[in-house]
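Read the structure below first, then the notes.
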C-alpha cells in the first residue's frame, strides 16, 4: 500500500516542466550548457534539478570537476522522459486531426539519399488521395533516425539497422549493393583491367557507420579485402558528402551502385574492383508500435507496409546486374 501511495503522490506532484528540463540537462555537457539551451540562468537550472531529485528521491546527475554523467537512476529517468516528451509533443497534432478528411502531419526520419522507386510511388499515391496531409522529411544518420522513432518524435524511419531495439518494429524496404569508386583526379580513374592489388595502400573515405560492429560491416570487409589504407581521410553520415569527397579525389569510397550509376555515365565516378559479389545492404522501414499515430501517419505507414508485403524483394532490390546476383 505504501508503494501505491508513493506512486500516486509522484503522479500528482511531478511537474512536466521539470522532466522537460531534465531531458535537456541529460543531453548537455554541464549545467551552464543546459542553462544556455533552456534560455534560463544557471541557478534556475540547478534548482530545477534539485527539485526533481527531491521528488524522485534519487540522485540523477553525478557532478564533479571534469565529470557530468547520468547516474543509473538518471539514465532510467531520461529514457522514460524521452517517451513522455514524444507523447506530449504529439498531442496538438492529434487534436487537430479530429476531422472527416485525412489530415495531419507526418514526420519521416530518412537516411541520407534513399533511392527507392517503391517508396517514391507510395508517397505519390498517398499525396494524391490525401492532399491536405503534410510531410516533413528529416535527413539523419541511421542511429539518430532510430532514436527519434524510439522517442516518438518521428512518425517512422527509413534507415539502416544494426542492432534491433525490441521496442520497435522493422520491415526491409529495399536492398542495395555497394561498390568502390574513385573520382576524376584519382590516379586509378579510367583505368581498365584493374585488380584488387592495384588498390593496396590507397587512401579511403567512407561512412561513419563503416565499422565492423556497425550497420555497414560488409562494406568495412570490402575495404579490408581491397587492402585500402586503414587510415580513412574523411567520413560523413550523409551519402552526398561521401560522394563529394570521392569525386573531389580525397580517396576511394564505397557508394551504392544504383545511386551513382548516373555519375558513372557522366564521368564523375569510376568503379573499382572487386566487381563480383558486391556487399548487400538492407534499408528498413522502422516504427514504434506504442506511438499513437494521427490518421495521416497511420495511413502512410499502412501503405508502406502493404507495398512491402505485395512486392517481392527481387523487385525491391537495386544495383547489381543479374550476373552479380
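Residue numbers (my numbering): 1 to 325.
Ideal Cβ placement from N, Cα and C applies to all residues, glycine included.
Bear in mind the structure is a predicted one, so any value in this text is a computation, not a measurement.
Rounding to the nearest angstrom, what Cα-Cα distance links residue 143 and residue 161 in this structure? 8 Å
Under 9 Å, do residue 112 and residue 23 count as touching if we go by C-beta distance? no
Just to confirm, is the Cβ distance from residue 300 to residue 133 under 9 Å? yes
Would you say residue 252 and residue 180 are within 9 Å of each other, going by their C-beta atoms? yes
Straight-line gap, residue 193 to residue 182 (C-alpha atoms, nearest Å): 15 Å
Taking only three categories from DSSP, how would you classify residue 62? strand
Looking only at its own chain, which residues have a Cβ that is under 8 Å from the Cβ of residue 204, when we skip the five neighbours before and after it? 223, 228, 229, 231, 232, 233, 251, 252 and 253
Taking all protein chains shown into account, decide if residue 288 is buried (16 or more other Cβ within 10 angstroms of its Cβ) or exposed. buried
Contact check, residue 272 vs residue 199, beta carbons under 9 Å: yes
Tell me the rounded alpha-carbon separation between residue 241 and residue 47. 43 Å
Looking only at DSSP bridge pairs, what is residue 105 linked to? 134
For residue 294, which of 249, 315 and 156 has the nearest alpha-carbon? 156
Is residue 282 closer than 9 Å to residue 174 when the C-beta atoms are compared? yes
Please report the residue range of the beta strand (DSSP E) in which residue 282 lies. 280-287
Short of 6 Å in beta carbon distance, which residues of its chain neighbour residue 122, apart from the five on each side in sequence? Order them along the chain. 303, 304 and 307
Quick one: Cα of residue 18 to Cα of residue 41, how far? 15 Å
In three-state DSSP terms, what is residue 142? helix
According to the Cβ coordinates, are residue 152 and residue 64 closer than 9 Å? no
So residue 177 and residue 256 are supposed to be a Cβ contact under 8 Å. How far apart are they, rounded? 7 Å
Who are the Cβ neighbours of residue 108 in its own chain at under 8 Å, not counting the five residues just before and after it? 135, 136, 137, 138, 154, 155, 156, 157 and 158
What residue does the alpha helix (DSSP H) around residue 189 start on, and which one ends it? From DSSP, residue 189 is part of no alpha helix (DSSP H); its letter is neither H nor E.
With DSSP as the reference, please indicate the residues paired to residue 318 in a beta bridge. 176
Looking only at DSSP bridge pairs, what is residue 256 linked to? 178
Among the residues of its own chain, which have a CB less than 6 Å from the CB of residue 148, if the five just before and after it don't count? 109 and 154
Within 9 Å, strictly: CB atoms of residue 60 and residue 49: yes
Element boundaries [beta strand (DSSP E), containing residue 158]: 156-159
Helix or strand or just coil, what does DSSP make of residue 292? coil
What residue range does the alpha helix (DSSP H) around residue 67 cover? Segment 67-70 is the beta strand (DSSP E) holding residue 67; no alpha helix (DSSP H) there.
Taking the alpha-carbon positions, what's the residue 317 to residue 261 distance? 15 Å
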